[in-house]
Ligand code: P6P
C-alpha cells in the first residue's frame, strides 16, 4: 500500500534503554534517568554546534550577545550544558570534566560518577571537522559519599561509556556493558534512533591512524611498527593512512571500518597526549565491547590502568584485535 516505506516501529534510544533496563534484575530506574539526562545534553550541544557554525560561537568572536557579555567559546558552552544536565538529573554525585581543574561534587544523593570531555577536538571546529562528547559512568563505591575515590578507578569498573560525534548528523555510540550500539539523532523528531545495532570491529583492516608529525619523538618500537605497515617487507600491500586529528572521528571510523588508531607516548609527550579517565577509558570500553583491543605503550590493557589524578594522560593504541596485537608484538617483544 502507499506508505509501505514508512517505518512505524522505530527504536529510539529511550525505548532501547527501557528495554535493556527492564531486563536488568534490580534496576531502580536511576540509570535510565541518568542516560536520558545524558541524551538531553547531547541534543542541546548538537543544537549549539549547528548554531556555532552560523553564529560563529566558536572562537571568542569578540561580538557581544544581547546581554553584552562576550560570546563563550563552544567548549565552555558544552561544559556548562553538560554540568547543568548532570546536576539537574539528580542522579550524579561526582563529575569530572576536561574543562574543570577539580572534580565537582553535587549536593543530593546521586549514586553515579560521570567523567567527560564535553567537546573533544574543539580546536578543529573552525575547520568544520567533526568533534564529539566523550563520557563514562561509574556507580559510586558502596561506602562512598562522593569523592575523588569514586573516579580514580580502573576503566573496567565503568558501567556505561560512549561518545556523541557531531558531524553531518549527531551519532551516539553507547555501551552499557553488553555490546555497542549506534544511534543517529533525527533533528525533526528530537530522538536518537537505533541505526547501528551491535557494532563489531573487523579482526583486521589495513588502516593506520596516527600523527606522523611526531615521528621523530616516537620510541624505536613505535617507529619499527609503523615502518612495518608503511613499507612491508613481506610483499604485502602497504596500509592506508587516515588521520583526522579529532579522536571521536578517528575512533568512529576505526569502529566502522577497522584498523588501528594510536597516540603513542613519546619523547615530547612522555605520558602521551590523550587523557586516561575521559578519553582513554570510554573509548577503550567501547572498542573492547565491539571486539577490539586497547593498550598502552607497555602493552598493558587500558581498562586495567588506575589513574593517580583525574587529568592523567596515557599512550593509547586501539582498534581491530589483529592489528593492535601486531603492534603489541613490536611494543612488547615476546620475552
Ligand atoms: P594532535 C584534539 O585536540 C585531541 O585532543 C584529540 O581529539 C585528537 O585525537 C588529538 O588531540 C590530536 O592531537 O597532536 O595529533 O593534533
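Numbering (UniProt numbering), first residue to last: 8 to 342.
Idealized CB from N, CA, C, for every residue including glycine.
No experiment lies behind these values; they were computed from the predicted model shown.
#1: Quick one: residues in its chain with C-beta nearer than 8 Å to the C-beta of residue 188, no 5 flanking neighbours on either side, listed in chain order?
#2: Give the straight-line distance between the Cα atoms of residue 178 and residue 256, rounded to the nearest whole angstrom.
#3: Check whether the Cβ of residue 252 sits closer than 7 Å to any heavy atom of ligand 1, and report yes or no.
#4: Buried or exposed for residue 239, going by 16 or more other Cβ atoms inside 10 Å?
#5: Less than 7 Å separating the Cβ of residue 104 from some heavy atom of ligand 1?
#6: Which runs of the alpha helix (DSSP H) at least 4 residues long sit entirely within the segment 195-225? Give them in chain order.
#7: Determine, using beta-carbon pairs with one atom in the segment 192-200 and one in the segment 217-226, whether at least three such pairs fall under 8 Å.
#8: Identify, in the order they occur along the chain, each residue of the same chain with its Cβ nearer than 6 Å to the Cβ of residue 216, setting aside the five sequence neighbours on each side.
#9: What I want to know is whether the C-beta of residue 303 ends up closer than 7 Å to one or more non-hydrogen atoms of ligand 1.
#10: From 27, 49 and 40, pick the residue whose C-alpha is nearest to that of residue 193; which is it?
#11: Thinking just about the alpha-carbon of each residue, which of 210, 85 and 307 is nearest to the one in residue 299?
#12: Is any non-hydrogen atom of ligand 1 found closer than 7 Å to the C-beta of residue 130, if you look at the structure I gave you?
#13: Heavy atom of ligand 1 less than 7 Å from the Cβ of residue 280, yes or no?
#14: Inspect the CB distances between the segment 37-51 and the segment 80-97 and report whether three or more fall short of 8 Å.
#15: So, under 8 Å CB-CB, residue 340 and residue 304 are touching, yes? Tell me the CB distance rounded to an integer number of Å.
#16: Short check: CB of residue 310 to CB of residue 337, under 8 Å?
#17: Do you know how far the Cα of residue 108 is from the Cα of residue 154?
#18: Quick check: is any heavy atom of ligand 1 less than 7 Å from the C-beta of residue 170?
#19: Who does residue 102 pair with in a DSSP beta bridge?
#20: Can residue 127 be considered in contact with ligand 1, in the sense that its beta carbon sits closer than 7 Å to one or more heavy atoms?
#21: Excluding the 5 residues flanking residue 329 on each side, which residues of the same chain have their C-beta closer than 7 Å to its C-beta?
#22: Measure the alpha-carbon distance for residue 72 versus residue 301 and round it to whole angstroms.
Straight from the coordinates:
#1: 23, 180, 181, 182, 201, 203, 204, 205 and 206
#2: 10 Å
#3: yes
#4: exposed
#5: no
#6: none
#7: no
#8: 249, 250, 257 and 268
#9: no
#10: 49
#11: 210
#12: yes
#13: yes
#14: yes
#15: That pair is no contact at about 13 Å.
#16: no
#17: 15 Å
#18: no
#19: 111 and 121
#20: yes
#21: 210 and 211
#22: With a pLDDT of 49 at residue 72, under the threshold of 50, the modelled position of that residue is not reliable, and no figure is offered here.
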